[in-house]
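Just so you know, we're using the working numbering here: the sequence shown kicks off at 10 and counts up by one.
For each residue, glycine too, the CB sits at the ideal point set by N, CA and C.
Given the structure is predicted, the values throughout are model-derived calculations rather than measurements.
Written below as structure tokens is the structure these notes are about.
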Amino acid sequence: MADLVSTPATVPQAYPLLSSIHSPADLKKLNLHELEQVAAECRKKVIELVSQNGGHFGSSLGVVELTVALHYVYNSPTDRIVWDVGHQAYVHKILTGRLAQMETNRRYHGLAGFPKRSESPHDAFDTGHASTSISAAAGLAAARDLAGRKEKVVAIIGDGSLTGGMAFEAMNHLGDTKSDVLVILNDNQMAISPSTGGLKDYLVNLTLNKTYNRLRKFVWDSISLLNNDLGETAKQAVHRIEDGIKAALTPGAYFEALGFRYFGPIDGHNMEQLTKALREMRQLHHPKLLHVITTKGKGFKPAEDNQPKWHASAGGFDIETGKNINAPGKPAKPKYQEVFGEALVELALKDPTITAITAAMPSGTSLDLFQQAIPSRFFDVGIAEQHAVTFAAGMACGGFKPVFAIYSTFLQRAYDQLIHDVALQNLHVIFAIDRAGLVGEDGPTHHGAFDLSFLNAVPNLVVMAPGDEQELRDMLYTALYEINGPVAIRYPRGSGSGAVLHKEFTPVPVGKGRILRDGKSVALLGIGTMSARALETAALLDAAGLDPLVCDMRFIKPLDMEMIDLAASRCSHIVTIEENSIIGGFGSSVTSYLSHAHPGVKCMSFGLPDDFVTHGSMAELYREVGLDAGTLASKILEFYGNKG
């Protein structure tokens, strides 16, 4: 990505001041009014960019002034700035030499939608998941201290990420180390409520004042000179008075108890306040937290009015109205997540033992439908995947049927709980695994590339993948009423094939696949939505003179051995197709079985490579990894011809 960063900027004069910013060093030449103009131009650029390319929207708009102030006061890349999640880092990219390349943001072979060390030295740490920034900052600071360097380290965390246990673990450790790290709490009013009133403003101004901090130290030092015992007693009294005031009037006592000096809250859209506060932070050499109040979606009214909806945009919206620009003549097909959400509500309205759990993703998983319909049985535990899984296990022990909806990439964070707290006890917990497989422009931090592999090894767990929307409905019903242990159902991002949905639910025979196309030369075994890709591929193979058998295997665990036996009895060659890592998943299970049950049958597996797949459109990524029908057909023909 280095070529993207070093390309000279050619930006239209719609951004007269911003176009002159090629690095943070250029910001330092500006006055306060000019910094505010840069912020306004950054906000305009983000709105324009996301309206065309899509991407994370509300969070980036909320930290415009904060980002400008950070790069004005701190010295990136020498100073290390870590963005939690990273979905709010668009302005950071704009100000660090990537303005001219922002048109490629989230596009194939373009800039990533998240910070990436390989893309720029200003990206101190790769991010994409929540609650990691403080741990990374603590590690960077420890490395700095061991090496005897003096650079500053800053972590910016918000959007509910502080609800994640990892963030608390990091703060608990960092406060004990006394290391020079600044944590900025970007409170966009989606999680922590700010204190208000004139006394709050007074305390903010006082605690940010150099004179106050110097006087405080002077008094402590002077008292300790009088008498060791008296000095300690007096110091403790000063501590108690200060802690008592802050505990009563501000939310900072929590952070102070962890070993951080707390400052704020301050207005995250006031450039003068921000630059003043950050200058003061640079002078302090211990763990400190600056509480900044921002508005998610700031400067774009539709995003301010409906913050959950505008957290991210698929692109194609009118800047003036905020309305989506849809392709004409193409009626929208329901998304898999919507089919899941609606089916769960249908079943739960008739069954009072069904509960729904999310880790801060109600709208992203369509569990907001459940929340609206049955709020008493809906649980949002925050960004706390580990807790969510064990919470579900406890509910199952209590006689309920918990359904935990989670993105595949985030389930990785709760693997121990899945094994130890659910599978080991054979508890009836249903994992609805959304965004399984490739997810497009969000890239490697969000692809669901590994779930079949890491779930495949877990005893007691039934793992299935629907081939279409109706099969998803039926599998959810099956998981709730035909299986007594843990179940995982994986399904992809976006819309399905548009299958006709039936009101009735039909149980799916556990561990049984189905034949989609009869044939005898080569067998194509697909799992999940790759079964439809197998049918596309079969049409190309048929045109080339082969007679493929196509099976929708449905289950990874238990594997349908009888279907594999049938395929082996009819075909000399068997091909597996999955949208999961080629290592340890569906294909590995089929190959392992064939090696001892049918050693004479040739087998070839297709899946995601042993690599982290980049970002881009789904069509581009399928071509890159060889899961488009054309590439599959070509390789299968070669395989059949060479080994026939």
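Check, Outcome
"Looking at Val622: is its Cβ nearer than 8 Å to the Cβ of Pro453?", "yes"
"Only counting the same chain, and skipping five residues up and downstream in sequence, which positions put a Cβ closer than 7 Å to that of Lys566?", "Asn465, Leu470, Val471 and Val472"
"According to DSSP, which residues form a beta bridge with Arg1?", "This structure does not reach residue 1, given that the chain is present from 10 up to 653, and the question cannot be answered."
"For the alpha helix (DSSP H) that Glu545 lies in, which residues bound it at each end?", "Met539 to Ala552"
"Using the beta-carbon count (16 or more within 10 Å), is Ala423 buried or exposed?", "buried"
"Could you compute how far the alpha carbon of Thr399 sits from the alpha carbon of Ala405?", "10 Å"
"Ends of the beta strand (DSSP E) at Phe459?", "Counting along the chain, Phe459 falls outside any beta strand (DSSP E), and DSSP gives it neither H nor E."
"Just curious, the alpha helix (DSSP H) that Met671 is in, first and last residue?", "The question about residue 671 has no answer here: the residues shown for the chain are numbered 10 through 653."
"Could you tell me the alpha carbon to alpha carbon distance between Thr172 and Ala393, rounded to whole angstroms?", "7 Å"
"Where do the N-terminal and C-terminal ends of the beta strand (DSSP E) with His582 fall, by residue?", "His582 to Ser590"
"Could you name each continuous beta strand (DSSP E) segment of 3 residues or more that falls completely within the segment 270 to 348, going from the start of the chain to the end?", "270 to 276 and 297 to 302"
"Could you tell me which residues DSSP pairs with Arg89 in its beta bridges?", "Val162"
"Evaluate contact between the segment 55 to 74 and the segment 140 to 158, counting only Cβ atoms and requiring at least three cross-stretch pairs below 8 Å.", "no"
"Rounded to whole angstroms, what's the CA-CA distance from Ser69 to Leu636? Just pull it up for me.", "34 Å"
"Return helix, strand or coil for Met613, following the three-state DSSP convention.", "strand"
"What residue does the alpha helix (DSSP H) around Ala497 start on, and which one ends it?", "No alpha helix (DSSP H) contains Ala497, which is instead part of the beta strand (DSSP E) from Val496 to Arg499."
"Terminal residues of the continuous alpha helix (DSSP H) containing Thr418?", "Ser417 to Leu420"
"Thinking C-beta only, is Asn315 closer than 8 Å to Gly1?", "In the structure displayed, the chain extends from 10 to 653; residue 1 sits before or after that span and is not available."
"Please list, in chain order, all residues of the same chain as Leu44 whose beta carbon is under 8 Å from its beta carbon, the five residues on each side excluded.", "Leu36, Val77, Ala78, Tyr81, Met280 and Thr284"
"Suppose contacts are defined by Cβ-Cβ distances below 8 Å. Is Gly535 in contact with Ala543 by that definition?", "yes"
"Please report the residue range of the alpha helix (DSSP H) in which Gly148 lies.", "Ser142 to Ala156"
"Across which residues does DSSP place Thr367 in a beta bridge pair?", "Asp389 and Ala414"
"What is the rounded straight-line gap between the Cα of Ile586 and the Cα of Met627?", "16 Å"
"So, with DSSP's three-state summary, where would you put Gly446?", "strand"
"Hey, does Lys521 have any beta-carbon neighbour from chain D nearer than 8 Å?", "The structure shown contains no chain D; it holds only a single protein chain."
"In terms of DSSP beta bridges, what is Gly64 paired with?", "Ser322"
"At the level of alpha carbons, what is the spacing between Ala109 and Leu358?", "52 Å"
"Going straight from the alpha carbon of Asp168 to that of His101, what length do you get?", "17 Å"
"Nearest to Asp735 by CA position, among Pro25, Ile56 and Glu74, is which residue?", "The question about residue 735 has no answer here: the residues shown for the chain are numbered 10 through 653."
"Contact defined as beta carbons within less than 8 Å: I believe Leu525 pairs with Asp561. What is the distance between those atoms, to the nearest angstrom?", "5 Å"
"How is Lys529 classed by DSSP in three states: helix, strand or coil?", "coil"
"If Leu298 and Phe264 are in contact, beta carbons under 8 Å, what's the gap, nearest whole angstrom?", "5 Å"
"Suppose the cutoff is 6 Å on Cβ atoms and the five residues either side in sequence are ignored; what does the same chain contact list for Val517 look like?", "Asp483, Met484 and Thr487"
"Can you look up Gly522 in the DSSP assignment and give me helix, strand or coil?", "coil"
"Going by Cα to Cα distance, which pick from Ala369, Gln421 and Gly403 is closest to His456?", "Gln421"
"With the cut-off set at 8 Å, would you say Val91 and Ala176 are in Cβ contact?", "no"
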